[in-house]
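Student:
Here you go:
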């Protein structure tokens, strides 16, 4: 069987791992804003039903969330989303924790190295390591995308509501913006 598939070039060689790739063995200790920011990408539909890529960035300490929508799933778009999140929130990141997607390699990884931001990969097939941003995506699906009686006009309105008005049980009943205002940022 092996020779049959090999002759027809149906067996692919395994990819080489870059020398800088090393997945986390233990989870990060998140003790201040900017540590372990979690970017992730998700496919969404726009108003006309076209498929878009939504890059979301979450700060796990404050639970602040920022999203950008692009046509393609590329590392330059992930870089732009991360830069915009830093500009909107007003603090920089010490480290970024991503999954193993191609959009978080190449240009994105080079940007993090130049900026002096530690880039940590979660182990493969373990989305619970990026659980906070994954849960925000689920909340956005439940409250905005799949809800025909939603009160928000756009995803941007939902993100503003999420960051400034919606109380979070994980933050003991306060909003992400209130959590950010209650701590000093020294990253």
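Numbering (the numbering used here), first residue to last: 1014 to 1200. Every residue gets a Cβ at the ideal spot worked out from N, C-alpha and C, and that includes glycine.
Start and end of the beta strand (DSSP E) containing residue 1181?
Tutor: No beta strand (DSSP E) contains residue 1181, which DSSP labels as neither H nor E.
Student: Compare the Cα-Cα distances from residue 1123 to each of 1173, 1145, 1089 and report the closest residue.
Tutor: It is 1089 whose Cα lies nearest to the Cα of residue 1123.
Student: Flag this pair as yes or no: are the beta carbons of residue 1160 and residue 1137 separated by less than 8 angstroms?
Tutor: The answer is no: Cβ separation not under 8 angstroms.
Student: Is the beta carbon of residue 1059 sitting closer than 8 angstroms to the one on residue 1069?
Tutor: It is not a contact, given that the beta carbons lie outside the stated cut-off.
Student: Pull the bridge partners of residue 1177 from the DSSP assignment, please.
Tutor: DSSP output for residue 1177 lists no bridge partner at all.
Student: Whole angstroms are fine: how far does the CA of residue 1110 sit from the CA of residue 1181?
Tutor: Their Cα atoms are separated by approximately 22 angstroms.
Student: Check residue 1075 in the structure and name its three-state DSSP category.
Tutor: Three-state result, residue 1075: coil.
Student: According to DSSP, what are the bridge partners of residue 1018?
Tutor: DSSP lists no partner for residue 1018.
Student: Just mark residue 1080 as buried or exposed, buried being the case when its beta carbon has 16 or more other beta carbons within 10 Å.
Tutor: Answer is buried; the Cβ neighbour count reaches 16.
Student: Just to check my reading of the structure: residue 1077 and residue 1193 have Cβ atoms closer than 8 angstroms, yes? What is that Cβ distance to the nearest angstrom?
Tutor: With a Cβ gap of about 6 angstroms, residue 1077 and residue 1193 count as contacting.
Student: Bridge partners for residue 1158 per DSSP, in chain order?
Tutor: Beta-bridge pairing links residue 1158 to no other residue.
Student: Look at residue 1092 and residue 1121 and say whether their C-beta atoms are less than 8 angstroms apart.
Tutor: Result yes, Cβ atoms of residue 1092 and residue 1121 sit closer than 8 angstroms.
Student: Between residue 1082 and the ligand ATP, is the CB less than 7 angstroms from at least one heavy atom?
Tutor: The ligand ATP is not among the ligands present in this structure, which contains no ligands whatsoever.
Student: Taking the C-alpha atoms as reference points, what is the distance between residue 1038 and residue 1162?
Tutor: The alpha-carbon atoms of residue 1038 and residue 1162 are separated by roughly 43 angstroms.
Student: With which residues is residue 1055 paired in a DSSP beta bridge?
Tutor: Answer by DSSP bridge pairing, in chain order: 1067.
Student: Suppose you measure from the CA of residue 1036 to the CA of residue 1189; what does that come to, to the nearest Å?
Tutor: Straight-line Cα distance between these residues: approximately 28 angstroms.
Student: Determine the DSSP secondary structure at residue 1081, reduced to helix, strand or coil.
Tutor: The answer is strand: DSSP assigns residue 1081 an E or B state.
Student: For residue 1141, count neighbouring C-beta atoms within 10 Å of its own C-beta (all shown protein chains included) and say buried if the count is 16 or more, exposed if not.
Tutor: It counts as exposed.
Student: With a 10 Å radius around its C-beta and 16 neighbouring C-beta atoms as the bar for buried, classify residue 1042 as buried or exposed.
Tutor: Its Cβ having fewer than 16 others within 10 Å, residue 1042 is exposed.
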